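Heads up, the thing below is written out as structure tokens.
Numbering (UniProt numbering), first residue to last: 1 to 57.
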């Protein structure tokens, strides 16, 4: 079974939706990008990668 086919309880959020931490990281990244804060935007990209590997794989 593919992980996206698992019920919501299996990975903590509805399939296809972002978890709370994903949404937080994305919002921080987006705000940093809007403000031209490239350092924070890049850091959030790396943070998202680590989070995705740890929490969603």
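Every residue, glycine too, gets a C-beta built ideally from N, C-alpha and C.
Being a predicted model, the structure only gives us computed values, none of them experimental.
Assigned with DSSP and collapsed to three states, residue 41 falls in helix. Here residue 19 carries a coil assignment [DSSP, helix/strand/coil].
By the Cβ neighbour-count rule, residue 38 is exposed, with fewer than 16 other Cβ atoms within 10 Å of its own. Less than 8 Å divides the Cβ of residue 32 from the Cβ of residue 41.
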